[in-house]
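Chemist: Under my numbering, think of the first position of the sequence shown as 1430, with each following residue one higher. All C-beta atoms in this analysis are idealised placements derived from N, C-alpha and C, irrespective of residue type, glycine included. Could you have a look at this structure, given as structure tokens, before my questions?
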Amino acid sequence: MSDQSVLQAYEPIHAREVVSYGLGDAGFNLYWAPLSAFMMVYLSDVVGLSLASIASLLVTMRLISAVADPIFGAIADRTHTRYGHYRPWFLWLALPLATAGIHFFSLGSVASEGRLANTYISLILLNLIYTAANTAYNALSGVITLDSDQRGLIISARFGGAFLSAVLITWATPKLVAFAGRGNDALGWQFVMTVFGVIVAGILVNLFLQTRERLALSSQPNHNPLTDIRDLFTNRPWTILFALGLVMQFAFMLHTAMTPYFMKVCIGKPDLIIGFVMTFTLGLAAGSAAAAVLTRWLSRQRLITLAMTVAGLSSLALYACPPNQTVLMFALEAVIGAAFGTASTLAFVMCADTADYNAWKTGHRATAMTYSMIMFGKKVGAAASAAVIGAVLAGYAANSLATQRILDHIRDLIGLAPAALCFGAAGIIALYDLTPDHVVKLQAQWLSGVLGKPPNPPP
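Dropping the structure here:
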């Protein structure tokens, strides 16, 4: 690395690049949003699997995906091409990701005797390819610039675009499936997800073409990847974000997965499910967009503490809300979404700072591993939520009408449990002490070690 490379690492990011990076998550959402919102319905009603089989599948898939995260992180950090460490993966995985997605959403036409095995194979394959591409995408935000404020800008653009696209995709997907299938849902899903797959591939290629890795290291790590993991768990700011991500994801997945059952079973208004989900997602988008602005008045750490406290209090209010107060429920859902959107965006920006801290502390960068292990923690939290929800839904599936015990469990899992987890998250992030000023200083010290002399300051 030269002084010129250091200056490039602090260059302003062009609007075209910000938009292209933000579109990347919108592209990933073409799979993530339908899988999050409709996978259980698709697997039960179209593919024909039982709820027990689906719960086991989801736990298995999420655990495998969690283990795959650090593996892909190690591979990405050790990839060295003239295009960088991470950008080439978008080009390499564009077609495989589209193909895997199309195959998974074509399972409705598979013979019933081989359907369960086919579902396991295709969903796990889709998830692994998605994880590999997303690992590179996450890591790119840590090397696209060293400027912490610009990182905040691109992460806000990413999450804002992601959440807004999730609203549109969640709203449009069932309508497109019904239109394309004309009574044949299996055909409708296959057609719609084929179109989505082509769009995903195009977005990934554009992401490769329109972004840059400004922090260009001349060599990749040559030590054992387990050393990277060990280093992270001795990185205090990172371990705090790891615990935060696990707890927040546990709360997030409990809340979002229980939403359809809460509205249908507890409130008795299944026609409001889509509107309720969209309200939450719009809240996520608003919170994400506001994150960069709010940091003008409060630190990222204090904002996350405040956001998680608000989410916890709002979850308690939702739990206590009378069934006939649907307007209040929608308002609370928007507030919870905004709180999660703000906290998620800021935590992601802070993750890049912990990668800089790790480079300063250990002498080598492991950007992809830094993000991958955060995702590992989130997927452990998601797997835990799937296991808990699976136990509750197994009892619900065994009854034609939900018992009072099941109704209470559903309310607990959308209200009390997320509230407790959100308060826990607020306590965890209160321990974080890596400030933006500290990051600037340690970046300068790390760059001095890389260059063998103090770097020329960025303009």
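Classify Asp1837 as buried or exposed, calling it buried when 16 or more other Cβ atoms lie within 10 Å of its own Cβ.
Modeler: Position 408 of the sequence shown, counted from the first residue, corresponds to residue 1837. Result: exposed.
Chemist: Just verifying my parser: in three-state terms, what is the DSSP assignment at Thr1510?
Modeler: Residue mapping note: residue 1510 aligns to position 81 of the sequence shown, counting from 1. In this structure, Thr1510 counts as strand in the three-state DSSP scheme.
Chemist: Rounded to the nearest angstrom, what separates Gln1485 and Val1447 at their Cα positions?
Modeler: By 1-based counting over the sequence shown, the position of residue 1485 is 56. By 1-based counting over the sequence shown, the position of residue 1447 is 18. The sequence given here has Ser at residue 1485, not Gln. If you take the alpha carbons of Ser1485 and Val1447, they lie about 39 angstroms apart.
Chemist: Terminal residues of the continuous alpha helix (DSSP H) containing Thr1668?
Modeler: The count along the sequence shown starts at 1 and reaches residue 1668 at position 239. Run containing Thr1668: 1665-1690, per the alpha helix (DSSP H) assignment.
Chemist: So, is Thr1510 buried or exposed, given that buried needs 16 or more other C-beta atoms within 10 angstroms?
Modeler: As a working note, residue 1510 is residue 81 in the sequence shown. So Thr1510 counts as exposed.
Chemist: Less than 6 angstroms between C-beta atoms, sequence neighbours within five positions excluded: which residues of the same chain meet that for Gly1502?
Modeler: Within the sequence shown, the letter at position 73 stands for residue 1502. The answer, listed in chain order, is Thr1564, Ala1797, Met1798, Ser1801.
Chemist: Give the straight-line distance between the Cα atoms of Phe1671 and Leu1757, rounded to the nearest whole angstrom.
Modeler: Taking the sequence shown and counting its residues from 1, one reaches residue 1671 at position 242. Taking the sequence shown and counting its residues from 1, one reaches residue 1757 at position 328. Rounded to the nearest angstrom, the two C-alpha atoms are 33 angstroms apart.
Chemist: Only counting runs of 3 or more residues, tell me where the beta strand (DSSP E) segments fall wholly within the region 1504-1591, in order along the chain.
Modeler: Taking only runs of at least 3 residues, no beta strand (DSSP E) segment lies wholly in the region 1504-1591.
Chemist: For Thr1688, which option in Pro1847, Asn1567, Gly1674 has the closest C-alpha, if you only look at C-alpha atoms?
Modeler: Reading the sequence shown from its first residue, position 259 is the one you call residue 1688. The shortest C-alpha separation from Thr1688 is found at Pro1847.
Chemist: On the premise that Lys1693 lies in contact with Ile1703, defined as a C-beta separation below 8 angstroms, what is that separation, rounded to the nearest angstrom?
Modeler: What you label residue 1703 is simply residue 274 of the sequence shown in a count that begins at 1. What you label residue 1693 is simply residue 264 of the sequence shown in a count that begins at 1. No, Ile1703 and Lys1693 are not in contact; Cβ-Cβ is about 12 angstroms, not under 8 angstroms.
Chemist: Using a 10 Å radius around the Cβ and a threshold of 16 neighbouring Cβ atoms, would you call Thr1663 buried or exposed?
Modeler: Here residue 1663 is taken as the residue at index 234 of the sequence shown, counted from 1. So Thr1663 ends up on the exposed side.
Chemist: Quick one: measure Cβ to Cβ for Ile1531 and Ile1669, integer angstroms, because I've assumed they're closer than 8 angstroms.
Modeler: By 1-based counting over the sequence shown, the position of residue 1531 is 102. By 1-based counting over the sequence shown, the position of residue 1669 is 240. Actually they are not in contact, since the Cβ atoms of Ile1531 and Ile1669 sit about 40 angstroms apart, beyond 8 angstroms.
Chemist: Do Gly1456 and Ile1628 count as a contact pair if the criterion is CB distance below 9 angstroms?
Modeler: As a first step, residue 1628 is located in the sequence shown; it is residue number 199 there, counting from the start. As a first step, residue 1456 is located in the sequence shown; it is residue number 27 there, counting from the start. Going by C-beta atoms, Ile1628 is nearer than 9 angstroms to Gly1456.
Chemist: On the three-state DSSP scale, how would you describe Phe1662?
Modeler: Numbered from its first residue, the sequence shown carries residue 1662 at position 233. Residue state, collapsed to three classes: coil.
Chemist: Determine the DSSP secondary structure at Trp1726, reduced to helix, strand or coil.
Modeler: Locating residue 1726 in the sequence shown gives position 297, where the first residue counts as 1. In this structure, Trp1726 counts as coil in the three-state DSSP scheme.
Chemist: Near Ala1630, what residues of its chain come up, given a Cβ to Cβ distance below 8 angstroms and the 5 sequence neighbours on each side ignored?
Modeler: Along the sequence shown, read from residue 1 onward, the residue named residue 1630 stands at position 201. Ala1523, Leu1524, Leu1526, Ala1527, listed in sequence order.
Chemist: Under 6 angstroms Cβ to Cβ from Pro1463, same chain only, skipping five residues before and after it: list those, please.
Modeler: Here residue 1463 refers to the residue found at position 34 of the sequence shown. Correct list, in chain order: Thr1602.
Chemist: What are the boundary residues of the alpha helix (DSSP H) that Ser1465 is part of?
Modeler: Position 36 of the sequence shown, counted from the first residue, corresponds to residue 1465. Residues 1444-1470.
Chemist: Return helix, strand or coil for Arg1900, following the three-state DSSP convention.
Modeler: The question about residue 1900 has no answer here: the residues shown for the chain are numbered 1430 through 1888.
Chemist: Excluding the five sequence neighbours on either side, which residues of its own chain have a C-beta within less than 7 angstroms of the C-beta of Val1676, listed in chain order?
Modeler: The sequence position of residue 1676 within the sequence shown is 247, counting from 1. The residues are Gly1810, Leu1850, Gly1853, Ala1854, Ile1857.
Chemist: Report the three-state DSSP secondary structure of Ala1827 (helix, strand or coil).
Modeler: For the purposes of this step, residue 1827 is taken as residue 398 along the sequence shown, with counting starting at 1. At Ala1827, the pLDDT of 44 sits below 50, so the modelled position is not reliable; the number obtained from the coordinates is stated separately. In the structure shown, Ala1827 sits in coil (DSSP, three-state: anything other than H, G, I, E or B).
Chemist: Where does the unbroken alpha helix (DSSP H) through Asp1614 begin, and where does it stop?
Modeler: By 1-based counting over the sequence shown, the position of residue 1614 is 185. Counting along the chain, the alpha helix (DSSP H) containing Asp1614 begins and ends at 1614-1639.
Chemist: Are the CB atoms of Thr1489 and Ile1573 within a distance shorter than 9 angstroms?
Modeler: Locating residue 1573 in the sequence shown gives position 144, counting from the first residue. Locating residue 1489 in the sequence shown gives position 60, counting from the first residue. Not a contact, by the Cβ cut-off of 9 angstroms.
Chemist: Report the residue from Ile1483, Ile1632, Leu1520, Tyr1549 whose alpha carbon sits nearest the alpha carbon of Ala1816.
Modeler: Numbered from 1 along the sequence shown, position 387 holds the residue referred to as residue 1816. Of the listed residues, the one whose Cα sits closest to Ala1816 is Ile1483.
Chemist: Are the CB atoms of Ala1562 and Trp1518 within a distance shorter than 9 angstroms?
Modeler: Start at 1 with the first residue of the sequence shown, and residue 1518 comes out as number 89. Start at 1 with the first residue of the sequence shown, and residue 1562 comes out as number 133. A contact, by the Cβ cut-off of 9 angstroms.
Chemist: Span of the alpha helix (DSSP H) holding Pro1751?
Modeler: Looking up residue 1751 in the sequence shown gives position 322. No alpha helix (DSSP H) contains Pro1751, which DSSP labels as neither H nor E.
Chemist: If Ser1717 and Gly1770 are in contact, beta carbons under 8 angstroms, what's the gap, nearest whole angstrom?
Modeler: Here residue 1717 is taken as the residue at index 288 of the sequence shown, counted from 1. Here residue 1770 is taken as the residue at index 341 of the sequence shown, counted from 1. The pair is a contact, with the Cβ atoms about 4 angstroms apart (cut-off 8 angstroms).
Chemist: Out of Leu1605, Met1737, Met1622, point me to the one whose CA is closest to Phe1534's CA.
Modeler: Numbered from its first residue, the sequence shown carries residue 1534 at position 105. Of Leu1605, Met1737, Met1622, the residue nearest in Cα terms is Met1622.
Chemist: Considering Cα atoms alone, identify which of Phe1637, Gln1754, Gly1844, Trp1667 is closest to Thr1685.
Modeler: Residue 1685 sits at position 256 when you count from the first residue of the sequence shown. The shortest Cα separation from Thr1685 among Phe1637, Gln1754, Gly1844, Trp1667 belongs to Gly1844.
Chemist: Going by CA-CA distance only, name the one from Tyr1515, Val1475, Phe1691 that's closest to Leu1636.
Modeler: Residue 1636 sits at position 207 when you count from the first residue of the sequence shown. Nearest C-alpha to Leu1636: Tyr1515.
Chemist: Reducing DSSP to helix, strand and coil, say where Arg1611 ends up.
Modeler: Taking the sequence shown and counting its residues from 1, the one referred to as residue 1611 is at position 182. Note: Arg1611 maps to coil in three-state DSSP.
Chemist: For the alpha helix (DSSP H) holding Pro1847, just list the boundary residues, first then last.
Modeler: Position 418 of the sequence shown holds residue 1847. 1846-1858 is the span of the alpha helix (DSSP H), which, as asked, contains Pro1847.
Chemist: Once you ignore the five residues that flank Leu1633 on each side, which residues in its own chain have a CB closer than 8 angstroms to its CB?
Modeler: One-based indexing of the sequence shown puts residue 1633 at position 204. Same-chain partners within the cutoff: Gly1453, Gly1456, Phe1519, Leu1520, Leu1522, Ala1523, Leu1526, Ala1562.
Chemist: Rank Ala1595, Ile1584, Asp1841, Tyr1559 by C-alpha distance to the C-alpha of Ile1818 and give the top, closest one.
Modeler: Residue mapping note: residue 1818 aligns to position 389 of the sequence shown, counting from 1. Ranking Ala1595, Ile1584, Asp1841, Tyr1559 by Cα distance to Ile1818 puts Asp1841 first.
Chemist: Between the region 1736-1747 and the region 1764-1782, do at least 3 Cβ pairs fall closer than 8 angstroms?
Modeler: Taking 8 angstroms as the limit for Cβ pairs, the verdict is that the region 1764-1782 does touch the region 1736-1747.
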